[in-house]
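Per the working numbering, residue 627 is the first one in the sequence shown, and the count goes up by one each step.
Written out below as structure tokens is the structure these notes cover.
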Amino acid sequence: MFNTRVKIKSLLADYTIGQEVTLMGWVRTFRNNQFIALNDGSTNNNMQVVVELGLLDDATLKRITTGAAIKVTGTVVESLGKGQKIEVKANTLVILGDSDAEKYPLQPKKHSLEFLREIAHLRFRTNTFGAVFRVRHSLAFAIHKFFNDKGFLYMHTPIITASDAEGAGEMFRVTTLDLEKLPKDEKGQIDFKEDFFGRSSNLTVSGQLEGELAATAFGDIYTFGPTFRAENSNTTRHLAEFWMVEPEMAFHDLEDNMNLAEEFIKYIIRYALEHNREDLEFLDARLKEEEKSLPQDKRSEMGLLEKLDFVVNNNFERVTYTEAIDILLQSPAYKKKKFQYDVKWGIDMQSEHERYLVEKHFKKPVIVTNYPKDIKAFYMRMNDDGKTVAAMDILAPGIGEIVGGSQREERLDVLQSRMAEMHVPSEDLWWYLDTRRFGSIPHAGFGLGFERMVLFVTGMTNIRDVIAFPRTPKSAEF
Ligand code: 4AD
Ligand code: MG
627 MFNTRVKIKS LLADYTIGQE VTLMGWVRTF RNNQFIALND GSTNNNMQVV VELGLLDDAT
687 LKRITTGAAI KVTGTVVESL GKGQKIEVKA NTLVILGDSD AEKYPLQPKK HSLEFLREIA
747 HLRFRTNTFG AVFRVRHSLA FAIHKFFNDK GFLYMHTPII TASDAEGAGE MFRVTTLDLE
807 KLPKDEKGQI DFKEDFFGRS SNLTVSGQLE GELAATAFGD IYTFGPTFRA ENSNTTRHLA
867 EFWMVEPEMA FHDLEDNMNL AEEFIKYIIR YALEHNREDL EFLDARLKEE EKSLPQDKRS
927 EMGLLEKLDF VVNNNFERVT YTEAIDILLQ SPAYKKKKFQ YDVKWGIDMQ SEHERYLVEK
987 HFKKPVIVTN YPKDIKAFYM RMNDDGKTVA AMDILAPGIG EIVGGSQREE RLDVLQSRMA
1047 EMHVPSEDLW WYLDTRRFGS IPHAGFGLGF ERMVLFVTGM TNIRDVIAFP RTPKSAEF
């Protein structure tokens, strides 16, 4: 048996002076031929390993370089140095994997996030990415815990589908056809009958439609999986491959939906605050440091931890789309023509408008409801005014839209006429319509963009830095 190690995080939480332990990890730095800062990924706290004079020959000492992997067995002793309570006095030390210090791209100094994106395969070994990915893990775990504790069923929806759930046409095609010799039908169009599935297929943009099928049997379900969007948006908020959490609840209306979404967001933030305190403190300090170089008016009003505490302890603001547009029209920013895009009832709010509402006007997360039907998806429930649908978006400070959801149209005839109006092919969605034919029920759901949530909780500013290997236009390295 090889793995007899204790993780540094566990050791720091529970140790006895004099106990013998085995640690394995990667060298961050090696000072004075004596002090190793060892990191094993369980925490950003390195363990200081002391190599006493004479323990190792010169050849071995030379191999203790930044990035090298080592196994140390030693005694836990009180540390005389500042910054740590204990250290490990090495009794044996084995090099598991050498790292050529000249070639190793991660030097013990500050690297820019842009540079680290180019070496995303190694960036987990930095303090920033260590913290970000441990927080990401906790948030994912908290999501499952939240829904499991409430009796929701975790549903795995297909990744390859033949439908466009959002009707926005932003799909990646899946095909095995020979692109050099595409089969054509009598009309000269590509003959997808020859393709693998005998029809045109694509990567899913959302698991919602299949989620709805399950909700009409199990009551409460959620999905949590990768989704794909071929939108050519090269922004700090968009990925071509991102993870989405989509709960779908039978016997829920728009208000129930908002209540659940708010409770859910607060729960997962609170979970991270309780389980990732050190990582969040590190990220809080990182953000403060980074913002020092920004002009005063570009800095966040609150520190990261302060912001997270504020969000879990205060109600989200709730306004209708119509009220939101009125606020924008009355705003000094609009009157002074500060917005780049025009404001009037019916527009799909731009990021500058959302940010004004959230960051300047309300200064807290905002749930906007009842959007004009023309800017939302076909499945959203038509309101009695005939102009708006029972939609809700949650906008978060610094991020913009983090959740999109709605009450669903459960009335077969209304749904069919909406589909016709929006050119959504109802023949292809016969199975979806069946849920409205047999035991249709009021139901609702929402989608949380997981990476946007991770951005919000970690205080990172670019979505490429909260997913391990980002897929964005013209970029699919690793
Ligand atoms: O608002 P969206 O498009 O809603 C849906 O897909 C619904 N089917 C959800 C539902 O009701 N079940 O996407 C939901 C969320 C957005 O609010 C945003 O946070 C995130 O997914 N999102 C993206 N995140 C990263 N990159 C992109 N390209 C994203 N597009 C949407
Ligand atoms: Mg949306």
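Just so you know, even glycine gets a beta-carbon here, dropped at the ideal spot from N, CA and C.
A quick note: this is a predicted structure, and the numbers were derived from the prediction, not measured.
With distances taken Cα to Cα, identify the nearest neighbour of residue i among the options.
i     : options                    : result
H878  : A1070, I712, I1093         : A1070
H979  : N629, Y967, T718, K989     : Y967
D1091 : K735, F908, F755, V632     : F755
G972  : P958, K963, H987, D1000    : D1000
Y1005 : E1047, K970, V969          : E1047
S1045 : K1002, Q1033, M1018        : A small correction: the amino acid at residue 1045 is Met; Ser does not occupy that position in the sequence shown. Looking at the Cα atoms, K1002 is the closest of the given residues.
L805  : D684, I816, L829           : I816
F1072 : Q1033, F1104, G1085, F1082 : Q1033
D910  : E836, M1086, K961          : M1086
Within the continuous beta strand (DSSP E) that includes residue i, where are the two ends?
i     : result
G1031 : 1026-1033
M650  : 646-657
N883  : No beta strand (DSSP E) contains N883, which is instead part of the alpha helix (DSSP H) from 880-901.
E678  : Note, E678: premise wrong, no beta strand (DSSP E); not H, not E.
M1110 : Look at the range of the chain in this structure, 627 to 1104, and you will see that residue 1110 is not part of it.
I662  : 661-665
V1080 : Segment 1076-1084 is the alpha helix (DSSP H) holding V1080; no beta strand (DSSP E) there.
A876  : 867-876
Taking 7 Å as the line, does the beta carbon of residue i fall inside it for any heavy atom of the ligand MG?
i     : result
G1030 : yes
E1027 : yes
D1019 : yes
State yes or no: is the C-beta of residue i within less than 8 Å of the C-beta of residue j?
i     : j     : result
N996  : A1022 : no
T642  : V702  : yes
F854  : V871  : no
D1078 : I1028 : Sequence check: residue 1078 is Arg here, not Asp. Closer than 8 Å, so yes.
A727  : N670  : no
A768  : Y848  : no
V945  : I895  : no
F822  : T802  : yes
L913  : V1083 : no
Mind checking which residues open and close the alpha helix (DSSP H) that includes residue i?
i     : result
D1039 : 1038-1047
Y848  : Looking at the DSSP string, Y848 is not in any alpha helix (DSSP H); the run it does join, the beta strand (DSSP E), is 846-854.
Just to check, is the beta-carbon of residue i closer than 7 Å to a non-hydrogen atom of the ligand 4AD?
i     : result
I1089 : yes
F1072 : yes
A639  : no
H864  : yes
S832  : yes
F868  : yes
G793  : no
E836  : no
G1085 : no
G845  : no
R1078 : yes
R855  : yes
E888  : no
G1024 : no
G1075 : yes
E872  : yes
Only counting runs of 3 or more residues, tell me where the beta strand (DSSP E) segments fall wholly within the region 940-1023, in order along the chain.
Listed in chain order, the complete beta strand (DSSP E) runs (minimum 3 residues) inside the region 940-1023 are 943-946, 992-998, 1014-1022.
What are the start and end residues of each continuous alpha helix (DSSP H) run of 4 or more residues lying completely inside the region 740-826, in chain order?
Listed in chain order, the complete alpha helix (DSSP H) runs (minimum 4 residues) inside the region 740-826 are 753-775.
In chain order, each beta strand (DSSP E) run of at least 3 residues that lies wholly inside the region 684-728
Runs of the beta strand (DSSP E) inside the region 684-728: 695-704, 712-723.
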